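Below is one structure, written out as structure tokens; comments come after it.
Numbering (the UniProt record's numbering), first residue to last: 1 to 703.
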């Protein structure tokens with residue numbers, strides 16, 4: 001963070017001068033507001049001055065001390081831990097490089113060596129010291145696991161080169177293998193750093209709104225669901241919740257990967273880690289601590305790093321099997337040629353490092369890259385499965401469509417007007433959580449109709465059918481056609497209406513005292529970009545696209561014509577969705593199921609790849625899914641598939657390059673055409689190359 005100095009101070013108020021910075025004012029203000037002893041912060045970009053309001057008892061010197069102490073605590077730990085992880089490799093490279101240089105100098109000064117013979121052994125001693133970890137791990141594998149590993153092979157090569165009084169080969173092995181390890185660690189570090197940056201998004205404090213309407217600064221850990229908090233301009237949202245008052249612009253890029261700010265008002269969700277760029281919000285707390293979307297994302301990324309893909313396990317097994325093969329070839333070469341140089345070549349050149357390191361780096365880089373874009377892949381296993389998807393099954397409501405239905409049309413009958421139909425329906429649906437009920441209530445608000453009170457004791461919900469209520473002493477029925485028929489509502493036009501309205505969307509029928517008074521047609525808009533996303537999924541290798549919906553046949557057919565979908569299944573129940581997915585898997589298809597609701601969870605769990613998309617996804621759907629996309633943008637679907645395919649291609653190319661280059665080097669070494677130093681150089685250069693190729697995924701741009 002920026003440095004600062006005191007300009008002037010009064011009781012309860014201090015003005016600071018900040019060092020030049022490119023940070024926006026809202027981030028600077030938020031940084032200082034997070035300190036528990038600061039009540040408010042206002043930054044002027046023109047004068048680079050910051051006005052802080054604090055406790056009257058704090059002097060300017062006390063304030064500076066507390067700010068500096070807090071700043072040091074915030075900054076010291078993450079960098080230290082990351083730097084320590086590469087310390088050993090850096091020391092090894094340094095010692096081996098110095099040893100190599102010393103060997104060159106000594107070999108070019110025979111007079112010095114003849115006078116100070118002991119000095120000629122310094123490169124060997126340095127090489128032994130630098131390779132102590134390799135010897136330790138190699139011997140440990142032989143003793144504990146009764147089999148050699150990559151370090152056993154490297155230790156044998158180093159020992160043979162030192163016994164042969166040729167320390168340059170040993171030094172080359174150490175330098176190049178350490179550089180390979182550094183590259184791999186850098187790739188892992190980039191993913192860990194993203195997680196660390198996300199942890200920094202957690203706001204430590206929040207403004208709790210008391211019953212009297214005043215705000216009190218409290219630590220986030222003290223909040224619980226149901227509390228009401230205020231979020232001011234420049235502050236981070238500290239919990240997951242729903243906006244109940246206010247309006248503002250939220251930067252949700254850490255959660256969704258969307259870099260364009262989002263307008264948010266009453267009824268909209270807000271997530272921990274988002275930054276309020278402008279405006280002021282009052283939120284009802286729904287999730288805190290580990291239950292927030294931010295902390296669940298962090299947990300999933302960390303967990304994903306521990307789950308190996310089948311191709312990664314195959315790489316490890318293959319590499320382990322090739323170690324004894326290398327020893328066998330070395331023994332055979334010695335028996336046939338009696339040449340230690342050729343034997344040494346067989347030991348310094350192997351397939352293990354390139355295959356294992358590059359595969360692990362590619363998987364880690366890909367998961368990290370996806371996380372940066374708001375796409376969470378729960379492990380390498382699912383990353384590999386993604387690359388093989390050939391069948392895409394989409395849930396309709398909330399996946400293909402926005403999940404925010406609107407009233408498209410209202411038809412009134414008899415002496416009732418359209419406004420009457422809406423006011424009666426809105427009264428009956430007042431306490432319903434169904435999206436269609438919300439659409440009807442919003443339409444009533446839009447038309448500014450007077451919604452009458454219903455008799456609360458008369459409310460009767462019929463799942464999958466509708467609702468019965470007494471409003472103004474009239475018995476109202478609001479629901480689907482099946483409900484009307486079951487309740488004996490008869491009109492000659494009903495069958496004709498059903499066929500006509502089902503083509504337009506979902507229809508809600510409203511009856512009063514067993515007589516139909518109106519029909520409300522509700523439409524759920526297709527997500528922007530969905531057609532393009534389906535087209536790109538086909539280009540990415542998907543052969544068949546299907547839609548599942550609980551809607552009527554005609555409504556489903558009408559929607560299918562608007563999209564590039566091969567087939568659909570209408571009027572399906574949640575358990576039928578799961579059976580549908582299972583049937584496709586039994587045909588040896590690799591199935592991706594995309595959904596977001598509770599009713600999609602069984603199908604998501606049955607699919608090869610279950611994927612949830614959008615901010616409105618349910619917790620159960622997230623748990624059942626293998627891939628989670630935080631954004632509402634359907635174009636993220638083909639992007640995550642393309643990323644998986646690029647990763648698998650990178651791994652396959654690394655395999656081919658490692659085997660081809662090292663096989664050629666082994667052949668040249670066996671024939672005595674190249675020296676052990678050159679052989680070690682070729683082998684380790686190939687390893688560095690394939691690891692760098694894997695790390696490239698991190699900064700590769702979308703094609």
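Ideal Cβ positions, reconstructed from N, Cα and C, are used throughout, including at glycine. Because the structure is a prediction, the values reported are computed rather than measured.
So, residue i versus residue j, is the Cβ gap smaller than 9 angstroms?
| i | j | result |
| --- | --- | --- |
| residue 627 | residue 363 | no |
| residue 651 | residue 665 | no |
| residue 354 | residue 572 | no |
| residue 407 | residue 526 | no |
| residue 5 | residue 375 | no |
| residue 509 | residue 535 | no |
| residue 450 | residue 603 | no |
| residue 589 | residue 391 | yes |
| residue 404 | residue 240 | no |
| residue 459 | residue 444 | no |
| residue 643 | residue 629 | no |
| residue 333 | residue 580 | no |
| residue 271 | residue 662 | no |
| residue 389 | residue 592 | yes |
| residue 632 | residue 402 | yes |
| residue 224 | residue 323 | no |
| residue 695 | residue 657 | no |
| residue 670 | residue 158 | no |
| residue 646 | residue 366 | yes |
| residue 756 | residue 537 | Because the chain spans 1 through 703 in this model, residue 756 falls outside it and cannot be assessed. |
| residue 32 | residue 156 | no |
| residue 397 | residue 549 | yes |
Please classify residue i as buried or exposed, where buried requires at least 16 other C-beta atoms within 10 Å of its C-beta.
| i | result |
| --- | --- |
| residue 237 | buried |
| residue 506 | buried |
| residue 516 | buried |
| residue 683 | buried |
| residue 65 | exposed |
| residue 461 | exposed |
| residue 345 | buried |
| residue 163 | exposed |
| residue 251 | buried |
| residue 679 | buried |
| residue 244 | exposed |
| residue 147 | exposed |
| residue 676 | buried |
| residue 349 | buried |
| residue 213 | exposed |
| residue 379 | buried |
| residue 342 | buried |
| residue 370 | buried |
On the DSSP bridge assignment, give the partners of residue i in chain order.
| i | result |
| --- | --- |
| residue 568 | 547 |
| residue 707 | Outside the modelled stretch of the chain, which goes from 1 to 703, sits residue 707, for which no answer is possible. |
| residue 8 | 15 |
| residue 469 | 476 |
| residue 240 | 287 |
| residue 53 | 13, 40 |
| residue 229 | 208, 283 |
| residue 394 | 547, 594 |
| residue 506 | 522 |
In its own chain, which residues sit with a C-beta less than 7 angstroms from the C-beta of residue i, not counting the 5 before and 5 after it?
| i | result |
| --- | --- |
| residue 248 | 264, 276, 278, 279, 280, 281 |
| residue 530 | 400, 563, 634 |
| residue 142 | 148, 152 |
Within a Cβ cutoff of 6 angstroms, which residues of the same chain sit near residue i, ignoring the five residues on either side of it in sequence?
| i | result |
| --- | --- |
| residue 441 | 426 |
| residue 409 | 521 |
| residue 653 | none |
| residue 63 | 14 |
| residue 230 | 207, 209, 215, 282 |
| residue 137 | 151 |
If I measure Cβ to Cβ from residue i and keep anything under 8 angstroms in the same chain, skipping five residues before and after, which residues do I get?
| i | result |
| --- | --- |
| residue 412 | 418, 420, 421, 517, 518 |
| residue 13 | 51, 52, 53, 54 |
| residue 414 | 515, 517 |
| residue 578 | 602, 603, 605, 606 |
| residue 488 | 514 |
| residue 423 | 444, 449, 450, 451, 452 |
Could you round the C-beta distance between residue i and residue j to whole angstroms and report it? I think they count as a contact, below 8 angstroms.
| i | j | result |
| --- | --- | --- |
| residue 641 | residue 540 | 5 angstroms |
| residue 160 | residue 347 | 6 angstroms |
| residue 67 | residue 35 | 7 angstroms |
| residue 475 | residue 428 | Actually they do not touch by this definition, with Cβ atoms about 10 angstroms apart. |
For a cutoff of 9 angstroms on Cβ pairs, would you count residue i as touching chain E?
| i | result |
| --- | --- |
| residue 359 | You won't find chain E in this structure, because it holds only one protein chain. |
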